[in-house]
Each structure stands twice: as structure tokens, then as C-alpha cells.
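One structure is given below, encoded as C-alpha cells.
In the working numbering, the protein residues as written are 9 to 246.
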């Protein structure tokens, strides 16, 4: 099947695309396998490990790459389009998770993990860096350009942020504690500001990925749009 003219490498295909998706799936499944054997108070509580944004993001990343892998094997155009739709959500989300996690760890790792449950480097990297790297590579090399603009990206980011906040509070109503220690340190309004900031950061991640696509693929229009016109507003004479 012919690939998009602005796409760096052929995808879906049974070569580079299939190998990248297979490697990503193997990494994500290895993280879930580690999780299955990691018993903590969180894993036994309501919501289990799915209280964590990291695990929700990892699940979406696995779904995205699984659809991409099946598209590669079958050379299915509809599945390839579905993979790209999922990627618009999963790639910026994973970039956000990496920025928030490593940023907070640089300040104080106990903000995101109780001292008794710190991760070794390899599983830590698998949960909090590998998904963002795999999804970014998929976007930059194996996907057509995104058409989402800043307003749509902000709406999507806000919806995901406040859905997650609702889920976290619902789990708190059953467990009496939050999955991330930082939530316990914040008031309701401070948590609202944190989720709003996270939504803005995810929107920025979307624009950054669009800019990166233009940079890697030599498309000045996408680089310029991501920086100077993120809302995607056209002049009347256009």
C-alpha cells in the first residue's frame, strides 16, 4: 500500500513499521508483566494499578501499537487510520507523563512514589520513558502529519485531565488515599490548578510533536503552524 507523501517511512508495512510496533508491544507487555508480580497496597485497593495515570497511559500505548502491528501484518488502511487517531491521544499523553514524572522526581521522588516502593532504573524507564519514545518515533517516522489544531488539542487535553481527576477522586472515596503522594499535599483548588496545568502541558506536547514532525520531515509549514499559529486559524484571503 502507498504511504502518505509527507510520511518519512512506509507504514503500514512488514518492515520498519512492524519491527517498531513489535518492539514497543514487547516493552509495554514487559512492564505489565512486572506490574503483575509487584504487590503493593495500591494493587490491592479499589482501582488497583489503574489508579495511576502512568498505567492508564501505558494501556493506551499498548492499544495504539497493537492496532498498528495488526495494520502492518494485514496492510489494512482502516486499521492504520485508527492507529493514527489513537496516537493523537496516546503520544502527547505519554510525553506529558514523562515530563511530569521526571520533573517531579528531580524535585523529590517521594512526590510520586512512597519511599518504600521506589522502582529500579529498568522498570522505571519502561513505565515512564519508553512509551513516550516509542510513540514519538511512530509519529515522527511512520505516521502522516497530524491535522489537530491547538483548540482541539486543548479540548482533548482538558477532557482527559478532568476525567482522570474524577477517576482519582472516585478511587479516593473508596480507598481514603490518593495514588500519588503529591495529591495528598494539595487542597482541592490546588489539585484543580495542577490538572489544568497538566492539560496545558499536554496541549504543548501536541504542538511540540507537530513541530518535531515538520522538523524531521522538512515541512516548514508544520513547523511554522505549531509555533506561530497553533490554533490553526486561516486568514480570510486563504
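Even for Gly, the Cβ is constructed at its ideal location relative to N, Cα and C. From a predicted model like this one, the values you see are computed outputs, not experimental measurements.
Considering residue i, what are the terminal residues of the alpha helix (DSSP H) in which it resides?
{"i": "residue 89", "result": "85-115"}
{"i": "residue 157", "result": "From DSSP, residue 157 is part of no alpha helix (DSSP H); its letter is neither H nor E."}
{"i": "residue 22", "result": "Here residue 22 belongs to no alpha helix (DSSP H), and DSSP marks it neither H nor E."}
{"i": "residue 62", "result": "61-82"}
{"i": "residue 140", "result": "138-150"}
Is DSSP giving residue i helix, strand or coil here?
{"i": "residue 201", "result": "helix"}
{"i": "residue 55", "result": "coil"}
{"i": "residue 120", "result": "coil"}
{"i": "residue 184", "result": "coil"}
{"i": "residue 166", "result": "helix"}
{"i": "residue 246", "result": "At residue 246 the pLDDT is 44, less than 50, meaning the model places this residue with poor confidence; the figure from the coordinates comes in the next sentence. Coil."}
{"i": "residue 194", "result": "coil"}
{"i": "residue 45", "result": "coil"}
{"i": "residue 18", "result": "coil"}
{"i": "residue 127", "result": "coil"}
{"i": "residue 134", "result": "helix"}
{"i": "residue 226", "result": "coil"}
Leaving out five residues on either side along the sequence, give the residues of the same chain with a beta carbon under 6 Å from the beta carbon of residue i.
{"i": "residue 116", "result": "none"}
{"i": "residue 23", "result": "none"}
{"i": "residue 210", "result": "100, 104 and 165"}
{"i": "residue 207", "result": "165, 166 and 169"}
{"i": "residue 203", "result": "169 and 173"}
{"i": "residue 138", "result": "35"}
{"i": "residue 73", "result": "29, 32 and 33"}
To the nearest angstrom, how far is the alpha carbon of residue i from that of residue j?
{"i": "residue 77", "j": "residue 56", "result": "28 Å"}
{"i": "residue 166", "j": "residue 42", "result": "31 Å"}
{"i": "residue 185", "j": "residue 62", "result": "17 Å"}
{"i": "residue 150", "j": "residue 86", "result": "15 Å"}
{"i": "residue 189", "j": "residue 82", "result": "44 Å"}
{"i": "residue 71", "j": "residue 92", "result": "11 Å"}
{"i": "residue 98", "j": "residue 163", "result": "15 Å"}
{"i": "residue 66", "j": "residue 133", "result": "12 Å"}
{"i": "residue 53", "j": "residue 171", "result": "20 Å"}
{"i": "residue 200", "j": "residue 126", "result": "27 Å"}
{"i": "residue 146", "j": "residue 111", "result": "24 Å"}
{"i": "residue 158", "j": "residue 215", "result": "7 Å"}
{"i": "residue 96", "j": "residue 148", "result": "12 Å"}
{"i": "residue 122", "j": "residue 84", "result": "45 Å"}
{"i": "residue 90", "j": "residue 79", "result": "9 Å"}
{"i": "residue 223", "j": "residue 183", "result": "46 Å"}
Please return the same chain residues whose Cβ sits closer than 8 Å to the Cβ of residue i, not counting the five positions on each side in sequence.
{"i": "residue 38", "result": "134"}
{"i": "residue 136", "result": "62, 105, 106, 109 and 110"}
{"i": "residue 94", "result": "68, 71, 72 and 75"}
In chain order, what residues of the same chain have a beta carbon less than 7 Å from the beta carbon of residue i, not counting five sequence neighbours either side?
{"i": "residue 48", "result": "125"}
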